[in-house]
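Enquirer: Per the working numbering, the sequence shown starts with residue 1, numbered consecutively. Backbone N, C-alpha and C define an ideal beta-carbon position, used for all residues, glycine too. Note that the structure is a prediction, hence the values are computed from the model and not measured.
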Amino acid sequence: MNRTADSAAGARRAPGRRGRTLLGALAAAAALTGALLTAPEAAAQQPITEYGPVPSSLPVGGVCEVEFDHNGNLWVEQYLSSQVARYDTRTGKFTNFDTPMPLSMPGGMDLDDDGYLWMPQVTGNSLLRVDTRDGGMTEVPLPWAEAFATSLLGIPLHTGLGLANDIAWGPDKALWFTLGGLDSVGRYDPDTGEFTKYKVPGEILGQVHALFGIIKPGPGRTVVFGLPQMNQVGTIDVDTKKFTLYTMPTPVSFPVGVRTASDGSIWVGESLGMKLARIDPRTGHIREYPLAGPAGVLSSVLTGLGQGSVGNPLPSPGPVAEGSDGNIYASVSFPAAIGLGYQIARLDPRTGDVTMWPTPSSASYPCDINPHEPGAIWFGLLTPNKIGRLDIDAT
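1. Tell me where the alpha helix (DSSP H) around GLN207 begins and ends.
2. Between ARG18 and the rest of its own chain, which residues show a CB-CB distance below 6 Å, the 5 nearest in sequence each way excluded?
3. Could you give the residue range of the beta strand (DSSP E) that holds GLU77?
4. With burial defined as no fewer than 16 other Cβ atoms inside 10 Å of the residue's Cβ, what is the status of ASN71: buried or exposed?
5. Give me the Cβ distance between ALA394 and PRO47, rounded to the nearest whole Å; I'm assuming they're in contact under 8 Å.
6. According to the Cβ coordinates, are MET101 and GLY108 closer than 8 Å?
7. Which of helix, strand or coil does DSSP assign to LEU305?
8. At 4 residues or longer, and completely inside the segment 101-164: list those alpha helix (DSSP H) runs for me, N to C.
9. DSSP puts GLN232 in a beta bridge; with which residues?
10. Tell me the DSSP secondary structure of SER417 in three-state form.
11. Note the first and the last residue of the continuous beta strand (DSSP E) segment covering ASP98.
12. By Cβ distance, which residues of its chain are closer than 6 Å to LEU390, with the 5 residues on each side in sequence left out?
13. Apart from the five residues on each side of it in sequence, which residues of its chain come closer than 7 Å, Cβ to Cβ, to GLY323?
14. Is the segment 215-225 close to the segment 233-250, with three or more CB pairs under 8 Å?
15. Closest by CA to ALA321, which one among LEU302, TYR198, GLY115, GLY264?
16. Does DSSP put GLY62 in a helix, a strand or coil?
17. Based on the DSSP output, what are the partners of VAL238 in its beta bridges?
18. Does DSSP put ALA363 in a helix, a strand or coil?
19. In chain order, what residues of the same chain lie with their CB nearer than 6 Å to the CB of THR355, ignoring the 5 residues before and after it?
20. Which residues does DSSP list as the beta-bridge partners of LYS216?
21. Is LEU117 closer than 8 Å to MET75 when the C-beta atoms are compared?
22. Quick one: Cα of THR99 to Cα of THR150, how far?
23. Output needed for LEU245: all residues of its chain with C-beta closer than 6 Å, excluding positions within five of it in sequence on either side, in chain order.
24. Assign ASP353 to buried or exposed, taking buried as 16 or more other Cβ atoms, counted over all protein chains shown, within 10 Å of its Cβ.
25. Give a yes or no on whether the C-beta atoms belonging to ASN125 and LEU142 are separated by under 8 Å.
26. Quick one: what does DSSP say ARG20 is sitting in, helix, strand or coil?
27. Skipping 5 residues on each side, what residues in its chain have a beta carbon closer than 6 Å to that of ASN327?
28. Out of curiosity, what's the CA-to-CA distance linking ASN73 and LEU111?
29. Consult DSSP for LEU182 and reduce its assignment to one of helix, strand or coil.
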């Protein structure tokens with residue numbers, strides 16, 4: 001009987017030991033979660049400031065790319081409202097300019113050496129030159145794939161299937177632009193008015209390229225562009241017109257963002273691969289850097305909650321840029337129609353360490369990214385129709 005009673009007592013004590021162990025584990029987890037949720041120091045160190053909303057004729061104007069002119073003003077593309085805004089960083093004043101054609105969908109922008117701002121008009125089948133002194137605009141129709149061109153009550157109406165989406169000022173003093181509707185890249189010489197197009201080897205479904213394609217100055221005398229639908233990044237030599245294509249190691253990684261770093265390497269945002277990648281154009285070697293595992297995604301969600309900001313936590317990078325500190329920055333989550341991301345990511349290429357900061361606005365959809373102000377990263381925020389600035393020194 002005593003042995004039976006002792007066994008029964010032992011059976012009752014055993015759950016107590018397991019219960020204390022479980023309670024201890026739960027308490028530790030709760031304490032960790034509480035600390036992360038509170039994160040007062042993270043909130044105090046929020047390095048992102050938003051400005052706006054940008055004036056627009058629509059509730060959501062489509063703020064995406066931002067570009068500095070030679071006087072330090074920031075120009076803001078609004079592709080849904082077909083407007084371009086100028087932001088005076090000294091006074092905080094916005095000035096808005098309508099494109100000559102309604103619903104022209106102005107695309108990515110770049111400056112030429114004379115300080116003119118250039119962009120394609122995606123549905124307008126044309127290029128647009130903006131005088132940054134007064135906002136005056138001049139349209140330059142593409143010579144290909146025109147569907148119709150007319151005017152109504154003095155308003156130009158024209159469209160076509162070229163689907164130029166982004167533009168870059170090349171080392172040959174010409175404008176290079178994506179031409180997804182024709183599976184090509186185009187070139188325009190502003191001095192002579194001459195247009196030329198070059199078929200991208202093997203490109204198919206260029207219409208996808210037209211939606212997400214990005215083109216930037218490349219290493220040496222090249223321009224670099226993404227081919228997300230082909231899982232490739234390409235360059236074209238502006239002198240020889242030779243194409244070089246790089247296939248990303250991760251299948252279906254959807255490389256959208258491309259930018260050349262100061263060492264001549266090409267950095268890529270792999271949206272579906274959720275990675276950044278570095279291409280060495282001298283060797284063709286590609287190294288990929290995952291942005292975050294499950295723990296990193298959870299940490300970024302908790303940081304956002306601690307600052308009152310939420311959105312899609314998946315680390316899907318879009319446009320990328322090298323900051324003045326030598327680190328690589330990317331907008332997160334850019335390309336997907338349901339992306340609604342809300343973070344800016346930083347990768348230290350020396351260590352592979354990744355840091356993410358939520359924008360003050362939830363589900364803000366950070367679009368393009370601009371590193372031209374030393375000590376800062378500027379970007380467009382599509383859903384709140386604002387622009388943002390990340391203070392590198394505050395990180």
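Expert: Let's see:
1. GLN207 -> alpha helix (DSSP H) spans 206-212.
2. Because ARG18 carries a pLDDT of 37, less than 50, the predicted location of this residue cannot be relied on, and the following value inherits that uncertainty. Correct list: empty, nothing qualifies.
3. Boundaries of the beta strand (DSSP E) around GLU77: 74-78.
4. ASN71 comes out exposed.
5. Sure, about 4 Å apart at Cβ, within 8 Å.
6. No, the Cβ-Cβ distance between MET101 and GLY108 is not below 8 Å.
7. Assigned with DSSP and collapsed to three states, LEU305 falls in helix.
8. Every candidate alpha helix (DSSP H) stretch fails here, since none sits fully inside the segment 101-164 while reaching 4 residues.
9. DSSP output for GLN232 lists LEU227, THR247 as bridge partner(s).
10. The displayed coordinates of the chain run from 1 to 395. Any statement about residue 417 would go beyond what the structure contains.
11. Per DSSP, ASP98 belongs to the beta strand (DSSP E) from 94-98.
12. The residues are PRO47, ILE48, ILE344, ILE377.
13. Close CB contacts of GLY323 within its chain, under the 7 Å cut and outside five residues either way in sequence, are with TYR329, PRO371, ILE377, ILE392 (chain order).
14. Yes, they touch.
15. Each of LEU302, TYR198, GLY115, GLY264 was checked against the Cα of ALA321, and the nearest Cα belongs to GLY264.
16. In the structure shown, the three-state DSSP call for GLY62 is coil.
17. In the DSSP assignment, VAL238 forms no beta bridge with any residue.
18. Residue state, collapsed to three classes: coil.
19. Non-local C-beta neighbours of THR355 in its own chain, meaning closer than 6 Å and more than five positions away in sequence, comprise ARG346, ordered along the chain.
20. DSSP, once it has assigned bridges, lists VAL224 as partnering LYS216.
21. Correcting the residue identity first, residue 75 is Trp in this sequence and not Met. Contact flag set, yes.
22. Between the alpha carbons of THR99 and THR150 lies a distance of about 16 Å.
23. Only GLN232, GLY234 meet the Cβ criterion.
24. Exposed is the label assigned to ASP353, since fewer than 16 other Cβ atoms lie within 10 Å of its Cβ.
25. With contacts defined by Cβ atoms closer than 8 Å, ASN125 and LEU142 form a contacting pair.
26. Its pLDDT being 36, under 50, ARG20 is placed unreliably by the model, and the measurement read from it follows with that caveat. Here ARG20 carries a helix assignment [DSSP, helix/strand/coil].
27. If you ignore the 5 residues before and after ASN327, its C-beta comes within less than 6 Å of the C-beta of ARG346, ASP348, all in its own chain and listed in chain order.
28. Distance between the alpha carbons of ASN73 and LEU111: 12 Å.
29. In this structure, DSSP gives LEU182 a helical state, which the three-state scheme calls helix.
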